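> Sending over a structure as structure tokens; questions will come in a sec.
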Amino acid sequence: MLKYAAKRLLMLIPVLLGVTFIIFTLLHFTPGNPAEMLLPDDATEEQIIQKEEELGLHRPFLVQYFDYIKNIVTKGDFGTSYTTGRSVSEEIFIRFPRTIALASASIVVSIIMGILCGIISATKQYSTFDHIAVAVSMVGVSMPNFWQGLLNILIFSVWLNILPPSGFDHWTCWILPAITIGTSSSANIMRMTRSTMLEVVRQDYIRTARAKGQTENKIRFQHALKNAMIPIVTVIGNSFGSMLCGAVVTESIFSIAGLGMLLVDSINVRNWPMVQGCVLFLALIHAVVNLAVDLLYAFIDPRIKSQYGGGKKVKAMPKMAAKEAA
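Note that this note's numbering has the sequence shown beginning at 18, numbered continuously upward.
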């Protein structure tokens, strides 16, 4: 298990290098000069050139990229924000707790709604609830988060006036953003739960459990759901990683001072070190979440755990058999 985790962590290195090169290239060729954005509108050409030299933008592209990677590897330095003059990593760690809190609340909403609706739809296939749940899940998958967020503000804040439209200071401020992000993910979880549960409930051991007189709830949650959890956990893990990245738009709509809003504001003012740091941090978190999901498989299904450390035992069996035959 530890060897597998270490191997996966080493595989993150080329992935993160690829992410840094892509985002660095895109920002380098993006229209707009950060030096001009930081200076007043009446700045002279000499002042712009001096600002570019101060920020290091006058150097060749590859030199800037390799210096950026070298500072990360040797010093852990992700650069300095053009607008505030503070360290990029410091700005990220100040904002990230709000983003992780929003993503955690959203994934709780997704799991509760998705798994419960999926189980009911699978056990009551082709019922009225099943048809409604499938239709609602299709709408949830197709609906963009920014449009749903504006619609939620219009209904619950403007018309009904029961929930705050912005902020993140009180627990009531979490409801609309969590529902906005969690709805689309809950639709994916519901569809996966329904499809996997439909396969499991037709297995022979489910009929055997019913023949033994076990209750339907015990059959659904202890036998059927447990054996259908691996694909569901995969969807949940991918959804959680996507929520961290998808919070970019939602945080801007609800005025939440998190990592997503920081990224959008940095893009608007051409604050390239902050944009690069945010994207690299989100990519790292997404990769770590996927690794955690892979390791979680071993605790869900003991057969997978035996595959991580069962190689030596399998090789030793022929020798033992040869001794017994002798």
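Just so it is clear, CB atoms sit at the ideal spot from N, CA and C, and this is done for glycine as well.
On a predicted model such as this, the values are computed, not experimentally measured, just so you know.
For Val126, which residues in the same chain have their Cβ closer than 7 angstroms to its Cβ, ignoring the five residues on either side in sequence?
Result list for Val126: Ala195, Ile196, Gly199 and Ser203, in chain order.
> Go to Lys141, then tell me how far its alpha helix (DSSP H) extends in each direction, as first and last residue.
No alpha helix (DSSP H) holds Lys141; DSSP gives it neither H nor E.
> Assuming the contact rule is C-beta atoms closer than 8 angstroms, Met291 and Leu279 should be a hit. Round their C-beta distance to whole Å, please.
Confirmed, Cβ separation roughly 7 angstroms.
> Could you give the residue range of the alpha helix (DSSP H) that holds Ser201?
Residues Ile192 to Val217.
> Residues in its own chain within less than 6 angstroms of Cys134 by CB, not counting five upstream and five downstream?
Within the same chain, Cys134 has close Cβ partners Ala150 and Met207.
> Just to confirm, are Leu308 and Arg103 a CB contact at a threshold of 7 angstroms?
No. Outside cutoff.
> Give the DSSP-derived three-state secondary structure of Thr225 in the structure shown.
The answer is helix: DSSP assigns Thr225 an H, G or I state.
> Can you tell me whether Ser183 is buried or exposed, with buried defined as 16 or more other CB within 10 angstroms of its CB?
With fewer than 16 Cβ atoms within 10 Å of its Cβ, Ser183 is classed as exposed.
> Alpha carbon to alpha carbon, how far is Arg287 from Leu177? Give it in angstroms, no decimals.
Using only the alpha carbons, I get a separation of about 39 angstroms.
> I need the straight-line Cα distance from Leu167 to Ile179, nearest angstrom please.
Answer to the nearest angstrom: the Cα atoms are 15 angstroms apart.
> Please classify Glu71 as buried or exposed, where buried requires at least 16 neighbouring CB atoms within 10 angstroms.
Result: exposed.
> Using 8 angstroms as the threshold, is the region 37-48 in touch with the region 77-91, meaning 3 or more CB pairs across them?
Touching, per the Cβ criterion.
> From Arg227 to Val105, what does the alpha carbon distance come to, in whole angstroms?
Answer to the nearest angstrom: the Cα atoms are 58 angstroms apart.
> If I measure Cβ to Cβ from Met209 and keep anything under 6 angstroms in the same chain, skipping five residues before and after, which residues do I get?
So the qualifying residues of the chain are Pro248, Ile249 and Val252.
> Could you name the residues of the same chain whose beta carbon sits closer than 6 angstroms to that of Lys235, not counting the 5 residues immediately before and after it, in chain order?
Nothing listed; no residue qualifies.
> Assuming Leu276 and Ile109 form a contact by the criterion Cβ under 8 angstroms, report the distance between their Cβ atoms to the nearest whole angstrom.
About 7 angstroms; that satisfies the 8 angstroms criterion.
> Helix, strand or coil for Thr97? Go by DSSP, reduced to three states.
Residue state, collapsed to three classes: strand.
> For Ala241, report the span of its alpha helix (DSSP H) as first-last.
Premise fails: Ala241 is in no alpha helix (DSSP H) and is neither H nor E.
> Measure the beta-carbon distance from Val32 to Ala139 and round it to whole angstroms, keeping in mind my assumption that it falls under 8 angstroms.
Contact doesn't hold; Cβ gap of about 35 angstroms is too wide.
> Using only alpha-carbon positions, find the residue among Ile273, Glu268, Val296 and Tyr314 that is nearest to Gly254.
That would be Tyr314, whose Cα lies nearest to the Cα of Gly254.
> For Ser1, does the three-state DSSP call read helix, strand or coil?
Because the chain spans 18 through 343 in this model, residue 1 falls outside it and cannot be assessed.
> With DSSP collapsed to three states, give me the class of Ser104.
Three-state DSSP puts Ser104 in a strand.
> So, Ala122 versus Trp191, is the Cβ gap smaller than 7 angstroms?
Yes, Cβ-Cβ distance for Ala122 and Trp191 is below 7 angstroms.
> Rounded to the nearest angstrom, what separates Gln293 and Thr100 at their Cα positions?
Rounded to the nearest angstrom, the two C-alpha atoms are 14 angstroms apart.
> Are the Cβ atoms of Gly258 and Ser201 separated by less than 7 angstroms?
No, the Cβ-Cβ distance between Gly258 and Ser201 is not below 7 angstroms.
> Can you tell me whether DSSP reads Ile273 as helix, strand or coil?
Reduced to three states, the DSSP call for Ile273 is coil.
> On the three-state DSSP scale, how would you describe Met246?
Three-state result, Met246: helix.
> Looking only at C-alpha atoms, which of Leu19, Thr267 and Met28 sits nearest to Leu301?
Among Leu19, Thr267 and Met28, the Cα nearest to that of Leu301 is on Met28.
> So is Gln165 buried or exposed if we call it buried at 16+ other beta carbons inside 10 Å?
When all chains shown are included, Gln165 counts as buried.
> In this structure, does DSSP put Gln293 in helix, strand or coil?
Helix at Gln293.
> Nearest CA to the CA of Asn285: which residue from Gly49, His45, Ala22 and Ala23?
Ranking the options by Cα distance to Asn285, first place goes to Gly49.
> Among residues of its own chain, excluding the 5 on either side of Ser98, which ones have a beta-carbon nearer than 7 angstroms to its beta-carbon?
Within the same chain, Ser98 has close Cβ partners Val105, Glu108, Asn288, Pro290 and Met291.
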